[in-house]
Amino acid sequence: LLDCHMENALQLAIIFAMFAPLFVAFGIVTVLDRVKGEHRKKSPFSRKVSRYPGYSLSEKILDLQEKMFGSLFALILFPCLLVTFAILGWFNVLGKWMPWCVGIAYLAVVSYAIVSLIRSSNLLIRHRRGFKGELIVGFGLERLREHGYKVFHDIPLERGNVDHVLVGQAGVFAVETKYARKHKRDE
325 LLDCHMENAL
335 QLAIIFAMFA
345 PLFVAFGIVT
355 VLDRVKGEHR
365 KKSPFSRKVS
375 RYPGYSLSEK
385 ILDLQEKMFG
395 SLFALILFPC
405 LLVTFAILGW
415 FNVLGKWMPW
425 CVGIAYLAVV
435 SYAIVSLIRS
445 SNLLIRHRRG
455 FKGELIVGFG
465 LERLREHGYK
475 VFHDIPLERG
485 NVDHVLVGQA
495 GVFAVETKYA
505 RKHKRDE
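According to the numbering used here, the sequence shown holds residues 325 to 511 in order.
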């Protein structure tokens, strides 16, 4: 009986040694991002500093990339745990229903991670296109400064933002940018 407990303790130590560095690294990255995440901090200036074109979209892009990293981490870690359990023979020790329960949990985690990755990647593509469009329009509008216009980009509102605002003698103009690709014409 003592040998059985020693063997189980050894198996636990092996699993811990395999995955502890991964968990520690993931934990450090997560904590540093939350504590020192510069893109989440408020500006120390009391007056609003002008933002660059596409600022809000760049924030959304960063958030999506973080979400995708978490999904990829789940896709990598969960199969590693299953292989470790199989190698150590824990499925036999834990009972005849345990492989089925773990298999269902595996399918659920992998399915969720894949669906999350697909949705996030589609949204990421749209946000990147929008960001590109806002940059192109924003830099084009910057040339109007030579004609006396004041140009502001990415003005935050309670819900959403105004992409660009022009203020000049002719009036105040709000510019909303949409990115659309050209369709190939049949020749």
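Backbone N, C-alpha and C define an ideal beta-carbon position, used for all residues, glycine too.
In the structure shown, the three-state DSSP call for G378 is coil.
The straight-line gap separating the alpha-carbon atoms of F476 and I449 is approximately 25 Å. The residues V491, in chain order, have a CB closer than 6 Å to that of K474 in the same chain once the five nearest residues on each side in sequence are set aside. Residue burial annotation: L481 is exposed, with fewer than 16 other C-beta atoms found within 10 angstroms of its C-beta. A direct Cα-Cα distance of roughly 11 Å separates F397 from E390.
In the DSSP assignment, L490 falls within the beta strand (DSSP E) that extends over N485 to G492. DSSP, reduced to helix, strand and coil, places H477 within a strand of the structure shown.
Within the same chain, S395, A398 and L399 come within 6 Å of A437 by CB-CB distance, once the 5 residues on both sides are set aside.
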